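Residue numbers (my numbering): 455 to 589. First the structure, in the form of structure tokens, and then the observations on it.
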Amino acid sequence: MKRDGQCLCGAVRVALAREPQAVNMCHCADCQRRTGAPFGMALWLMEADVTISGETRPFVHLSDKGRELTNRFCPNCGSTICFTAALNPGLIAIPAGLFADPDTPPPLRSVFEERRHPWVAVPEGATRLPRGRDG
Ligand SMILES: [Zn+2]
Ligand SMILES: [Zn+2]
């Protein structure tokens, strides 16, 4: 199944060639600030399975463990288009919101639960981790 997404203004488009390998909801402070929402949700795929068209700009920052994280955003409307982590070479995360599609697969993993707003419900069966996958 192919999935097509776009930023708020439509200048940047994202196409997925296949279903994601992982779908995470992340409650970390960076995801909260990046999205303006109480958690972030992203689809993780191999970079080769994602086509991004349109201009994006990078924002590079460090995780709390000092690892490099790169967000790319639309310079016109500010939507996050993707992010990559030095910890996961070859993988790319696409924010679920770009698809604005209720048919987007639900999160299979809930990470950084130590920062979870207590009222945010996690889908039944999802793996729940207090921090990232490496603790
Ligand atoms: Zn845009
Ligand atoms: Zn996060």
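Beta carbons are placed, not taken as given, at the ideal position from N, Cα and C, and that holds for glycine. Nothing here was measured: the structure is a model prediction, and the numbers come from that model.
* **N-terminal and C-terminal residue of the alpha helix (DSSP H) that C480 is part of** => Here C480 belongs to no alpha helix (DSSP H); instead the beta strand (DSSP E) covers A476 to C480.
* **the segment 475–483 touching the segment 508–516, judged by at least three CB pairs closer than 8 Å** => no
* Classify R581 as helix, strand or coil using the three-state DSSP reduction. => According to the sequence as given, residue 581 is Thr; it is not Arg. Here T581 sits in strand by DSSP.
* To do: Tell me, please, which residues DSSP counts as bridged to T534.
  => F527
* **Exposed unless 16 or more other CB atoms sit within 10 angstroms - verdict on Q475** => exposed
* T581 versus R563: straight-line alpha-carbon distance, rounded -> 5 Å
* Given that a residue counts as buried once 16 or more other Cβ atoms are within 10 Å of its Cβ, and exposed if not, what is T510? -> buried
* Taking buried to mean at least 16 other C-beta atoms within 10 Å of its own C-beta, is C528 buried or exposed? -> buried
* Should G551 be counted as a contact of ligand 2 given a C-beta to heavy atom distance under 7 Å? -> no
* To do: Work out the CA separation of S507 and V466 for me, nearest whole Å.
  => 6 Å
* Asked: Hey, is A518 close to ligand 2, as in C-beta under 7 Å from one of its heavy atoms?
  -> Checking the sequence, you will find Asp at residue 518 rather than Ala. Because no heavy atom of ligand 2 lies under 7 Å away, the Cβ of D518 does not count as near it: no.
* Asked: Three or more beta-carbon pairs under 8 Å between the segment 485–504 and the segment 544–556, yes or no?
  -> yes
* Asked: Where does G520 fall in DSSP's three states?
  -> coil
* Asked: Can you find a heavy atom of ligand 1 that lies under 7 Å from the Cβ of S533?
  -> yes
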